[in-house]
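> Let me begin by handing over the structure; questions about it come next.
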Amino acid sequence: MSHTPIIHSLLDTDLYKFTMLQVVLHQFPQAHGVYEFRCRNNDQTVYPLADIKDELERELDALCEVKFREDELTYLRSMRFIKSDFVDYLELFQLKRRFIKVSTDEAGRLNIKVEGPIIQAMFFEIFVLAIVNELYFRRLETPEVLAEGQRRLDAKVALLEELDNRQDPREPPFLISDFGTRRRYTLAWQEHVIQTLHQAVPDIFRGTSNVYLAKKLGITPIGTMAHEFLQAFQALDVRLRDFQKAALEAWVHEYRGDLGIALTDVVGMDAFLRDFDLYFAKLFDGLRHDSGDPYEWGDKAWRHYKKLKIDSRTKMLTFSDSLNIEKSWGLHQYFKSRFKTSFGIGTNLTNDLGHTTLNIVLKLVECNGQSVAKLSDSPGKTMTDNDTFLAYLRQVFDIAEPASK
209 MSHTPIIHSL
219 LDTDLYKFTM
229 LQVVLHQFPQ
239 AHGVYEFRCR
249 NNDQTVYPLA
259 DIKDELEREL
269 DALCEVKFRE
279 DELTYLRSMR
289 FIKSDFVDYL
299 ELFQLKRRFI
309 KVSTDEAGRL
319 NIKVEGPIIQ
329 AMFFEIFVLA
339 IVNELYFRRL
349 ETPEVLAEGQ
359 RRLDAKVALL
369 EELDNRQDPR
379 EPPFLISDFG
389 TRRRYTLAWQ
399 EHVIQTLHQA
409 VPDIFRGTSN
419 VYLAKKLGIT
429 PIGTMAHEFL
439 QAFQALDVRL
449 RDFQKAALEA
459 WVHEYRGDLG
469 IALTDVVGMD
479 AFLRDFDLYF
489 AKLFDGLRHD
499 SGDPYEWGDK
509 AWRHYKKLKI
519 DSRTKMLTFS
529 DSLNIEKSWG
539 LHQYFKSRFK
549 TSFGIGTNLT
559 NDLGHTTLNI
569 VLKLVECNGQ
579 SVAKLSDSPG
589 KTMTDNDTFL
599 AYLRQVFDIA
609 EPASK
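In this note's numbering, the protein residues as written are 209 to 613.
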């Protein structure tokens with residue numbers, strides 16, 4: 209039986225991989241990175257992730273054979289913020305197998321390490337996470353599981369149709385997007401979910417982070433930046449204290465008004481807002497929430513814009529942390545008089561079929577030989593392999609240690 213690879217298109221990733229990689233290519237192409245895989249809920253898996261190692265190795269071999277097709281390059285060229293020299297680079301692009309290593313340990317844990325030029329290493333993340341998910345859930349799939357997934361999807365459609373009827377056209381709209389590529393059940397299921405929602409509630413469902421599915425289904429690809437982009441600046445040629453400002457400046461220089469949603473939780477919202485002065489607050493269209501209490505975070509954003517005498521109703525808050533439709537609607541109701549809002553829903557859209565989902569990440573832990581870290585507003589999301597650097601980062605940005613349980 210011939211093997212059909214899980215990843216058969218290099219567009220089958222999130223838009224922000226392309227937007228970040230374009231800045232890397234233009235502004236720090238020689239940067240070197242190390243990414244490490246973590247499963248945050250190893251103790252909840254039905255079987256050890258180590259069991260999929262051989263299949264994963266085979267999928268990675270196949271992934272590193274894939275190249276961009278002509279129609280895919282044409283699609284990327286059609287986006288006004290993607291520059292032609294970047295697409296010329298992608299025409300020659302192929303992931304290199306030597307940069308990614310897989311191993312297992314005695315506890316049945318799966319270890320994945322990507323080490324190489326960031327222009328390569330950064331591109332592995334979404335593919336690897338999607339492959340791990342699909343391999344893991346493939347062994348658990350039954351007709352009953354798919355039927356339960358459909359039942360839950362039908363309930364989401366019914367809820368969204370009800371919410372659509374409750375919207376007041378004079379108020380900012382309730383908008384959701386699919387952000388679930390990395391945690392999806394399968395590509396086929398993700399496509400089914402997107403197609404279903406797009407057909408049922410086109411006024412609410414505004415797009416997907418997945419570029420392949422956006423192209424295939426003729427809907428909007430969504431995304432700007434991820435934590436790794438800002439983290440890399442902790443190890444580039446700027447003072448550590450200035451890394452956020454340097455990253456935002458590099459972004460503005462590249463996109464000059466496009467892709468204007470800034471991510472706020474690399475060293476926490478308070479430290480972010482100290483750097484997000486009038487200059488950046490006017491240049492960026494809004495902010496993205498990815499950890500900590502979303503209501504508290506949005507209130508802080510509102511007070512910050514008010515202090516700067518900026519009308520917050522002209523700004524967008526994008527929420528993307530462990531959302532479902534009900535939680536998103538609640539946040540929209542709370543903030544709609546003060547902000548435009550949008551919601552990126554991941555796992556709850558693309559992997560809600562009754563199984564406990566994998567909480568897996570592949571994060572940048574080192575850049576140019578130096579540790580980098582994320583000091584998120586949720587302690588469980590903090591990621592580094594160097595506690596000394598973490599302590600230094602806290603000191604530089606005046607962030608207290610989290611209270612121990």
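Glycine included, every Cβ here is placed at the ideal spot set by N, Cα and C.
Locate the beta strand (DSSP E) running through residue 310, then write down its first and last residues.
Start and end: 308-312.
> Take residue 549 and list the residues in its own chain whose beta-carbon comes closer than 8 angstroms to its own, dropping the five residues that flank it on each side.
Contacts found: 380, 382, 383, 524, 525, 526, 527, 539, 540 and 543.
> Are the CB atoms of residue 434 and residue 471 nearer to each other than 8 angstroms?
Against a cut-off of 8 angstroms, the Cβ pair of residue 471 and residue 434 comes out as a contact.
> Using CA atoms only, rank isn't needed, just tell me which of 276, 504 and 553 is closest to residue 530.
Of the candidates 276, 504 and 553, the one whose C-alpha sits nearest the C-alpha of residue 530 is 553.
> Would you call residue 613 buried or exposed, if buried means 16 or more other Cβ atoms sit within 10 Å of its Cβ?
Caution applies to residue 613, whose pLDDT of 45 falls short of 50 and renders its modelled position unreliable; the value that the coordinates give is listed next. Flag for residue 613 reads exposed.
> To the nearest angstrom, how far is the alpha carbon of residue 562 from that of residue 360?
Going from the Cα of residue 562 to the Cα of residue 360 covers about 9 angstroms.
> Compare the Cα-Cα distances from residue 308 to each of 490, 322 and 295 and report the closest residue.
Taking only the C-alpha atoms, the option nearest residue 308 is 322.
> Quick one: using the 10 Å Cβ neighbour count with 16 as the cut-off for buried, is residue 328 buried or exposed?
By the neighbour-count rule (16 or more Cβ atoms within 10 Å), residue 328 is buried.
> Within the chosen definition, does the segment 246-256 reach the segment 447-458 through at least 3 CB pairs nearer than 8 angstroms?
No, they do not touch.
> Restricting to runs no shorter than 4 residues, where is the alpha helix (DSSP H) found entirely within the segment 444-478?
Complete alpha helix (DSSP H) runs here, min 4: 451-463.
> Under 6 angstroms Cβ to Cβ from residue 602, same chain only, skipping five residues before and after it: list those, please.
Here the set comprises nothing.
> Using the three-state DSSP reduction, which class does residue 613 fall into: helix, strand or coil?
Below a pLDDT of 50, predicted positions are generally treated as unreliable, and residue 613, at 45, falls in that range; the measurement from the model is reported next regardless. It is coil, neither helix nor strand.
> Would you please state the rounded distance, in angstroms, between the beta carbons of residue 290 and residue 222? I believe it to be under 8 angstroms.
That pair is no contact at about 14 angstroms.
> Excluding the 5 residues preceding and the 5 following residue 302 in the sequence, name in chain order all residues of the same chain whose CB lies nearer than 6 angstroms to its CB.
The residues are 275.
> List, from N- to C-terminal side, the alpha helix (DSSP H) runs of 4 residues or more that fit wholly inside the segment 526-596.
Taking only runs of at least 4 residues, the alpha helix (DSSP H) segments lying wholly in the segment 526-596 are 533-543 and 555-558.
> Helix, strand or coil, according to DSSP, for residue 318 in the structure here?
Residue state, collapsed to three classes: strand.
> Just how far apart, CA to CA, sit residue 316 and residue 258?
Cα to Cα, residue 316 sits roughly 5 angstroms from residue 258.
> Should the segment 570-582 be called in touch with the segment 346-354, which here means at least 3 C-beta pairs below 8 angstroms?
Not touching, per the Cβ criterion.
> Applying the 10 Å Cβ sphere with the 16-neighbour rule, what's the burial state of residue 599?
Label assigned to residue 599: exposed.
> Classify residue 222 as helix, strand or coil using the three-state DSSP reduction.
Residue 222: strand per DSSP, three-state reduction.
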